[in-house]
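Visitor: First the structure, which I've put down as structure tokens, then a few questions once you've had a look.
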Amino acid sequence: MDYLEIVGGNKLSGEITISGAKNAALPVVAATILSDKEVKLTNLPNVVDIRTLIKLLGMLGSEVDHKETTAVINNGSINSTKAVYEIVSQMRASILVLGPLLTRFGECEVSLPGGCAIGQRPIDLHLKALEAMGAHIEIKGGYVRAEAPDGLKGAKIVFDKITVGGTENIVMAAALAHGTTTIINAAREPEVVQLCQMISDAGVQIDGIGTGILSIEGTGGEPLTFDSPVEIIPDRIEAGTYLCAGAITKSEITLNKVNQEHIQASIDKLESMGCSFTMDADSITIHPAEKLLPVNLITTEYPGFPTDMQAQFMAVAVISSGESLIEERLFENRFMHVSELNRLGANIWLKGNTAAIHPVEELNGAVVMATDLRASSALVLAALVANGTTKVRRIYHLDRGYDDLEGKLSSLGADITRKSE
Ligand code: UD1
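For the sequence shown, my numbering gives the first residue as -7, with consecutive numbering after it.
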């Protein structure tokens, strides 16, 4: 199994280019199912999760020509509507095929994703909304079996919790439904906006894009045509992670191809910690803090502070000059990185969904274990400043979502090597 060996203490410098957003690319790939013609996608991140979803499409009968950052997908040849456990258990986001398969083919079977390291992550809201649109849903043998032989019908959906994946599934389902679907309390994440924009560019009337109320005029079963290539937006979480790398190593680094608006919450928190920034049209340079100040943050939905940046900020807070408090509001178990950071010498206490981070003078290298995608990057960040060598094991989590992490960090001057054991 691969692991990363990191020798801490190097200053970083230089510039890197941010890849396309994994969390935007996943629903965009799923949305190609809404069409029976060729769709071209560009700026895809070269990460395992994208390859997994593309493999799933292949199993459904799609024709896919995927080369690193581009894919040409033709879903005219789909001959199966069953998303099997072997794929869905590898990646929960496979549930995103549920809405588009059901709305285009009137039936599908998608494995239930099961548990996850960061929390229960149920899909009840996705299912309830599809039922409101007329689907008949049954859970049997670990699979969601959904049917709507006469097509889905537009409905008023009120999400009692904001859900990114739920909003995406219902936007896709609504695109080919009969009549208008209104989603109240929709997610406003940039990844949801990209999906809505893609579907709207294909001729579907969508009102309220980027707001909490979306109204989607379905085509009544007519598949969509995506004439222009869809370019995936920059990854705001990857960008935020490299800003944290600059902050923790006290280095000046520049990120190209970023959308500053999407990373504003991370910029604000790093400014409050004493860092400063210079920005160009689509690039940003972090100037490190002379004295890194503590931070208090609460994770919440966009445009608030993202849960996907919580672990990385905790790593930075570990070596700041005072006590920080981090409250996790979205996922009940998203603190798996705490005990691993403590193994590197951090002093973090947990009470309920709040972590109190008492600053330490230094961290020391150790063997640590990655537990989920973002927890893994927090361990890498801490290792960059730990004395001596840190081994980060189980990095298949990192490979799911970070495009060439060790290549990008090495090019900035970090001593980081991928090894096998
Ligand atoms: C997406 C992101 C993930 C991010 C999360 C929150 C992708 C592929 N993943 O995950 O990186 O951390 O948004 O920003 O885009 N919930 C329910 N019932 C449901 C659906 C969700 O109770 O049917 C709960 C979840 O358990 C969680 C909260 O709602 O507590 C938000 O989850 P959701 O926004 O759906 O996250 P994902 O779409 O799975």
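Glycine included, each C-beta is placed from N, C-alpha and C at the ideal position.
Hey, would you say A375 sits closer than 7 Å to H329, going by beta carbons?
Guide: No, these two residues do not count as a Cβ contact at 7 Å.
Visitor: Under 6 Å from any heavy atom of the ligand UD1, does the C-beta of T363 make it?
Guide: No, the Cβ of T363 stays beyond 6 Å of every heavy atom of the ligand UD1.
Visitor: For I79, decide whether its Cβ has a neighbour in chain C, counting only Cβ atoms nearer than 7 Å.
Guide: Absent from the structure: chain C. Only one protein chain is present.
Visitor: I'd like to confirm something about I115: is its beta-carbon nearer than 6 Å to some heavy atom of the ligand UD1, or not?
Guide: Yes.
Visitor: M164 lies in the beta strand (DSSP E); which residues open and close that run?
Guide: Taken as a continuous stretch (DSSP letters only), M164 belongs to no beta strand (DSSP E), being part of the alpha helix (DSSP H) at 156 to 167.
Visitor: Looking at T363: is its Cβ nearer than 7 Å to the Cβ of Q304?
Guide: no
Visitor: What residue does the beta strand (DSSP E) around G6 start on, and which one ends it?
Guide: 5 to 9
Visitor: Where DSSP assigns a beta bridge to F12, which residues make up the other side?
Guide: Here residue 12 turns out to be Gly, not Phe, going by the sequence shown. Answer is P226.
Visitor: Taking buried to mean at least 16 other C-beta atoms within 10 Å of its own C-beta, is S412 buried or exposed?
Guide: exposed
Visitor: Using only alpha-carbon positions, find the residue among K153, L216, L4 that is nearest to E30.
Guide: L216
Visitor: Taking the alpha carbon of F297 as the point to measure from, which residue in E320, G314, I245 has its own alpha carbon closest?
Guide: Nearest option by C-alpha distance: E320.
Visitor: So is the beta-carbon of G344 under 6 Å away from any non-hydrogen atom of the ligand UD1?
Guide: The ligand UD1 never approaches G344 closely enough for any of its heavy atoms to be under 6 Å from the residue's Cβ.
Visitor: Taking the alpha helix (DSSP H) that L52 belongs to, which residues open and close that run?
Guide: 40 to 52
Visitor: Please say whether G393 and K14 have beta carbons closer to each other than 7 Å?
Guide: Contact check for K14 against G393 passes: the beta carbons are separated by less than 7 Å.
Visitor: Could you check if V163 belongs to the surroundings of the ligand UD1, using beta carbon to heavy atom distance under 6 Å?
Guide: no
Visitor: Quick one: grab the DSSP three-state call for I115.
Guide: coil
Visitor: For a quick check, are the C-beta atoms of L404 and A378 less than 7 Å apart?
Guide: no
Visitor: Identify whether M361 lies in helix, strand or coil by the three-state DSSP scheme.
Guide: In the three-state scheme derived from DSSP, where H, G and I count as helix and E and B as strand, M361 is classed as strand.
Visitor: With burial defined as no fewer than 16 other Cβ atoms inside 10 Å of the residue's Cβ, what is the status of S258: buried or exposed?
Guide: buried
Visitor: Looking at I42 and A17, is the spacing between their C-beta atoms short of 7 Å?
Guide: yes
Visitor: For the ligand UD1, is there a heavy atom less than 6 Å away from the beta-carbon of T34?
Guide: No - the ligand UD1 has no heavy atom lying nearer than 6 Å to the Cβ of T34.
Visitor: Return yes when at least one heavy atom of the ligand UD1 lies under 6 Å from the C-beta of T233, else no.
Guide: Checking the Cβ of T233 against the ligand UD1 gives no.
Visitor: Figure out for me which residue from G212, I25, S275 has the closest Cα to the Cα of E67.
Guide: Note that residue 67 is Asn in the sequence shown, not Glu. Just measuring C-alpha positions, the residue of G212, I25, S275 sitting nearest N67 is I25.
Visitor: Compute the distance between the beta-carbons of Q256 and M271, then report whether it is under 7 Å.
Guide: no
Visitor: Can you round the beta-carbon distance between T61 and L36 to whole angstroms, since I take them to be within the 8 Å contact cut?
Guide: 5 Å
Visitor: Quick check: is any heavy atom of the ligand UD1 less than 6 Å from the C-beta of D300?
Guide: yes
Visitor: Determine, using beta-carbon pairs with one atom in the region 130 to 138 and one in the region 155 to 162, whether at least three such pairs fall under 8 Å.
Guide: no
Visitor: Just to confirm, does T155 get its C-beta within under 6 Å of one of the non-hydrogen atoms of the ligand UD1?
Guide: yes
Visitor: Looking at R386 and L(-4), is the spacing between their C-beta atoms short of 7 Å?
Guide: no
Visitor: Between L247 and G266, is the Cβ-Cβ spacing less than 7 Å?
Guide: no
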